[in-house]
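Engineer:
Numbering (my numbering), first residue to last: 18 to 268.
1) For residue 127, I'd like the list of residues in its chain whose CB is within less than 7 Å of its CB, leaving aside the five on either flank, ordered along the chain.
2) With distances taken Cα to Cα, identify the nearest neighbour of residue 198 among 183, 189, 221.
3) Look up residue 19 in the DSSP assignment and say whether it is helix, strand or coil.
4) Ignore the nearest five residues each way along the sequence and tell me which others in residue 250's own chain have a CB closer than 6 Å to its CB.
5) Does DSSP put residue 267 in a helix, in a strand, or in coil?
6) At 4 residues or longer, and completely inside the segment 182–224: list those alpha helix (DSSP H) runs for me, N to C.
7) Using only alpha-carbon positions, find the residue among 152, 84, 65 that is nearest to residue 311.
8) Using the three-state DSSP reduction, which class does residue 175 fall into: helix, strand or coil?
9) Determine the direct distance from the alpha carbon of residue 214 to that of residue 244, and round the result to whole angstroms.
10) Does the count of Cβ pairs from the segment 173–190 and the segment 70–79 closer than 8 Å reach three?
11) Helix, strand or coil: how does DSSP classify residue 241 here?
12) Since residue 75 and residue 196 are thought to touch, with beta carbons under 8 Å apart, how far apart are those beta carbons, to the nearest angstrom?
13) Apart from the five residues on each side of it in sequence, which residues of its chain come closer than 6 Å, Cβ to Cβ, to residue 129?
14) Could you round the C-beta distance between residue 171 and residue 90 to whole angstroms and report it? I think they count as a contact, below 8 Å.
15) Determine whether the beta carbon atoms of residue 159 and residue 224 lie at a separation below 8 Å.
16) Using beta-carbon positions only, say whether residue 227 and residue 255 come within less than 8 Å of one another.
17) With distance defined between alpha-carbon atoms, name the residue in 52, 258, 78 nearest to residue 147.
18) CA-CA distance, residue 62 and residue 100?
19) For the segment 65–140, which segments carrying the alpha helix (DSSP H) assignment without a break, of at least 4 residues, lie completely within its bounds, in sequence order?
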């Protein structure tokens with residue numbers, strides 16, 4: 018029996034439910050996704066205990082970066098386990114399209130990302146006193162999109178790893194250059210022109226810019242709308258590419 022090509026809501030939600038059931042029995046992974054970003058923000062706040070302005074400057078940026086990194090790591094390893102164990106082959110032998118499979122994984126990890134982003138945003142704004150001019154709900158929106166982007170990147174790179182160790186090795190290649198060039202350490206317009214041009218093509222740059230727009234502006238800005246559109250579009254593009262890799266690995 019061959020997999021169907023049309024995207025089906027029942028098949029997608031069934032896949033998402035299966036992934037969530039598996040996550041429920043893996044408390045260490047749940048802790049990594051939900052608690053690590055909060056712990057990192059908490060540590061950062063008290064590292065700069067004598068300089069609250071410094072935390073306000075970089076805290077919003079890291080509120081978007083931490084969820085992206087943790088979701089990338091967890092999703093890439095979890096999906097790789099499914100590939101190497103033969104689970105994906107068995108699923109695609111059923112009436113389950115590649116779009117259903119990728120959408121189901123994205124929905125499951127996206128649900129976790131909602132909880133993760135809400136916890137981190139609530140902690141930063143209401144407990145750690147992150148000084149935000151704009152709405153905390155907009156911070157939550159950007160954090161959620163960043164987490165979904167990390168999920169999409171993790172699903173995609175899992176196709177090119179043969180082991181969990183190799184999946185982790187993709188982090189320096191995929192995440193670290195974006196971390197260095199996103200504007201966290203120095204304004205992007207102060208970089209070498211070549212590096213600035215590269216940073217303009219990296220989605221994490223727009224994630225950080227979006228957070229900073231909320232940090233400094235009370236109202237929605239054109240730049241903010243551009244930033245979240247780019248992050249969402251890249252996440253959707255990478256999910257589509259991730260679906261394309263299933264044919265090569267799971268056929």
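Heads up, the beta-carbon is just placed ideally off N, CA and C, and yes, glycines get one too.
Structural biologist: Quick look at the numbers:
1) 165, 168
2) 221
3) Confidence is the limiting factor: at residue 19 the pLDDT is only 46, short of 50, which leaves the residue's position unreliable, though a coordinate-based value still follows. Three-state DSSP puts residue 19 in coil, outside helix and strand.
4) none
5) Unreliable positioning characterises residue 267 in this predicted model, as indicated by a pLDDT of 41, which lies under 50. The coordinate reading is nonetheless provided below. The answer is helix: DSSP assigns residue 267 an H, G or I state.
6) 193–198, 210–217
7) Nothing in the structure corresponds to residue 311, since the chain is present only between 18 and 268.
8) helix
9) 16 Å
10) no
11) helix
12) Contact doesn't hold; Cβ gap of about 12 Å is too wide.
13) 50
14) 7 Å
15) yes
16) no
17) 78
18) 39 Å
19) 69–101, 104–109, 115–139
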